[in-house]
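Student: In our numbering, the protein residues as written are 2 to 343. For each residue, glycine too, the CB sits at the ideal point set by N, CA and C. For reference, the structure I am asking about is given below.
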Amino acid sequence: MVVPKPPTRQTLSYGTVHGPEFACLPLKICLGTYIEALEEGADLIVTTGGVGPCRAGLYATVQREILRSLGYEFEMIVLEPLRRHPARLLRAIHRLNAKRLPPWRLASEALLCWQKIQGIDRVQRELLRIRPREVRFGGADRIFRRGVRTIAEAPTRREAAKAVDEVLDAMGAVPIDSSRDPVRVGIVGEIYVLLEPASNLNIERILGELGVEVHRSIFLTNWTEENVVREGDNQTARDAAAPYLDEMIGGHGQDTVGHTVLYARQGLDGVIQMAPFTCIPEIVACSILPAVSKAEDIPVITFFFDEQTGEAGLRTRLEAFVDLLVRRRERRRSQEAVGAMG
Ligand code: SF4
């Protein structure tokens with residue numbers, strides 16, 4: 002196994018140089034990652050396919066052609082959605098099962114993997130809660146980084162569960178200032194930029210440092226349950242989106258609108274939409290969000306990310322947005338206090 006390294010600026014620059022200029026950011030970062038893995042000796046790439054009105058389903062074909070034109074010799078296996086292409090998926094799994102492990106062993110490995118992902122998601126949620134309350138910022142992040150490695154390396158489900166509990170205990174011991182009352186911001190948008198810190202300049206960490214409690218709408222486990230296990234079954238967000246957008250427009254466009262509505266109704270202070278530059282579903286959602294923001298009374302800001310996005314500009318816009326949310330909340334609370342007295 003050649004486990005790809007976390008993407009860096011260098012990874013993105015490989016993708017930018019060799020990928021089509023108009024392609025969305027995830028295509029470029031993944032292309033760069035493949036180049037790094039091939040340079041390390043990989044000769045088989047496993048990736049996912051996709052269906053629906055979006056470019057993700059074509060990524061693998063485009064990337065394979067680009068890599069071959071660069072002279073790399075390799076095989077590419079594309080894992081297609083289970084419900085639409087079960088035979089293709091089974092063929093791919095059979096091809097990958099080089100040791101010919103029996104099905105029960107494969108199922109057991111898959112369960113171990115799933116349990117680790119669930120554990121990392123739990124730890125991540127806790128990290129988002131602790132960050133804005135930390136007395137000395139950064140301690141929880143260090144525990145998180147070490148913890149993810151320990152969870153990933155656990156050889157059995159029992160040890161994985163133990164590792165998750167230990168990381169949560171260690172995080173629970175991080176000194177926090179419980180008198181703080183952080184503003185709460187929901188993050189919505191396209192899955193790759195939501196989940197991959199390298200693609201969003203670690204926006205969640207910046208927000209935590211600015212004293213914001215982040216609520217992320219997509220985690221790997223909830224997304225997989227809603228879109229792979231019960232394909233297309235994210236009904237709550239889609240119902241909430243329906244008055245504004247009642248069509249599946251590909252990617253996460255409808256979920257972006259729906260989660261914004263839900264966050265407003267849950268009383269969050271603001272919403273940040275994040276998307277790769279040129280992401281079509283998010284451009285559509287972005288054009289609808291001003292109406293949602295007005296009707297549901299919640300401030301929304303949008304960030305499109307590409308290879309040109311710099312941290313200084315991002316931080317400045319975030320600081321201004323957070324400042325606005327804090328003042329807005331103060332104004333509201335004082336109006337409510339006056340109302341209660343009257
Ligand atoms: S959802 Fe957006 S970023 Fe993802 S493949 Fe589609 S267009 Fe590209």
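1) I'd like to confirm the pairing. Which residues does DSSP put opposite Glu214 in its beta bridges?
2) Once you ignore the five residues that flank Lys12 on each side, which residues in its own chain have a CB closer than 7 Å to its CB?
3) On the three-state DSSP scale, how would you describe Gly139?
4) Using only the heavy atoms of the ligand SF4, determine whether one of them is closer than 8 Å to the beta carbon of Tyr35.
5) So what's Leu202 in DSSP terms, helix, strand or just coil?
6) Rounded to a whole number of angstroms, what is the C-alpha to C-alpha distance between Arg89 and Ala174?
7) Does the beta-carbon of Thr261, which I'm using as the reference point, lie nearer than 8 Å to any heavy atom of the ligand ADP?
8) Give me the Cβ distance between Phe23 and Thr310, rounded to the nearest whole Å; I'm assuming they're in contact under 8 Å.
9) Can you tell which of Glu66, Val4, Pro54 and Gly20 has its C-alpha closest to the C-alpha of Ala43?
10) Quick one: what's got a C-beta closer than 7 Å to Val52's C-beta in the same chain, skipping five residues either side?
11) Is it true that the CB of His95 sits closer than 9 Å to the CB of Gly190?
12) From this set, Leu196, Leu221, Glu320 and Ser294, which residue's C-alpha is nearest Glu210's C-alpha?
13) Under 9 Å, do Glu205 and Pro183 count as touching if we go by C-beta distance?
14) Between the Cα of Ala242 and the Cα atoms of Arg334, Tyr264, Thr225 and Cys114, which residue gives the shortest distance?
15) Have a look at Met172, Cys114 and Arg126 and flag the residue whose alpha-carbon is nearest the alpha-carbon of Ala153.
16) With distances taken Cα to Cα, identify the nearest neighbour of Arg126 among Ile219, Ser200 and Asp247.
17) Measure the C-alpha to C-alpha separation of Thr157 and Arg316 and round it to an integer number of angstroms.
18) Could you check whether the region 192 to 203 touches the region 133 to 144, counting it as contact only if at least three pairs of C-beta atoms, one from each stretch, sit closer than 8 Å?
19) Measure the Cβ-Cβ separation of Tyr60 and Leu28 and say whether it is below 9 Å.
20) Apply the 10 Å Cβ neighbour rule to Ser200 and answer buried if 16 or more other Cβ atoms are within range, or exposed otherwise.
21) Among all the DSSP beta bridges, which residues are the ones paired with Gln1?
Tutor: This is what the structure holds:
1) As a first step, residue 214 must be located in the sequence shown, where it is residue number 213. DSSP lists Arg185 as partners of Glu214.
2) Counting from one through the sequence shown, the residue named residue 12 turns up at place 11. Looking at the sequence itself, residue 12 is Thr, so the reference to Lys does not match. Counting only Cβ-Cβ distances below 7 Å, and skipping sequence neighbours, we find Ile30, Gly33, Thr34 and Glu37.
3) Position 138 of the sequence shown holds residue 139. The answer is coil: DSSP assigns Gly139 none of H, G, I, E or B.
4) In the sequence shown, the residue the question calls residue 35 occupies position 34. Because no heavy atom of the ligand SF4 lies under 8 Å away, the Cβ of Tyr35 does not count as near it: no.
5) For this step, residue 202 is matched to residue 201 along the sequence shown. Correct three-state label for Leu202: coil.
6) Locating residue 89 in the sequence shown gives position 88, where the first residue counts as 1. Locating residue 174 in the sequence shown gives position 173, where the first residue counts as 1. Taking the straight line joining both Cα atoms gives about 47 Å.
7) As for the ligand ADP, it is missing from this structure, which binds only the ligand SF4.
8) Taking the sequence shown and counting its residues from 1, the one referred to as residue 23 is at position 22. Taking the sequence shown and counting its residues from 1, the one referred to as residue 310 is at position 309. Contact doesn't hold; Cβ gap of about 16 Å is too wide.
9) Indexing the sequence shown from 1 puts residue 43 at position 42. Closest by alpha carbon: Val4.
10) The residue you call residue 52 lines up with position 51 of the sequence shown. Here the set comprises Gly58, Pro82 and Arg85.
11) The count along the sequence shown starts at 1 and reaches residue 190 at position 189. The count along the sequence shown starts at 1 and reaches residue 95 at position 94. Not in contact: Gly190 and His95 (Cβ atoms no closer than 9 Å).
12) Taking the sequence shown and counting its residues from 1, the one referred to as residue 210 is at position 209. Of the listed residues, the one whose Cα sits closest to Glu210 is Glu320.
13) In the sequence shown, the residue the question calls residue 205 occupies position 204. In the sequence shown, the residue the question calls residue 183 occupies position 182. For Glu205 and Pro183, no; Cβs fall outside 9 Å.
14) The sequence position of residue 242 within the sequence shown is 241, counting from 1. That would be Tyr264, whose Cα lies nearest to the Cα of Ala242.
15) In the sequence shown, the residue the question calls residue 153 occupies position 152. Ranking Met172, Cys114 and Arg126 by Cα distance to Ala153 puts Cys114 first.
16) If you number the sequence shown from 1, residue 126 lands on position 125. Measuring from the Cα of Arg126, the nearest candidate turns out to be Ile219.
17) Stepping through the sequence shown from its first residue, residue 157 is reached at position 156. Stepping through the sequence shown from its first residue, residue 316 is reached at position 315. Using only the alpha carbons, I get a separation of about 41 Å.
18) no
19) If you number the sequence shown from 1, residue 60 lands on position 59. If you number the sequence shown from 1, residue 28 lands on position 27. Yes, Cβ-Cβ distance for Tyr60 and Leu28 is below 9 Å.
20) Residue 200 sits at position 199 when you count from the first residue of the sequence shown. Per the 10 Å Cβ criterion, buried.
21) No statement about residue 1 is possible, as the shown extent of the chain runs from 2 to 343 and does not include it.
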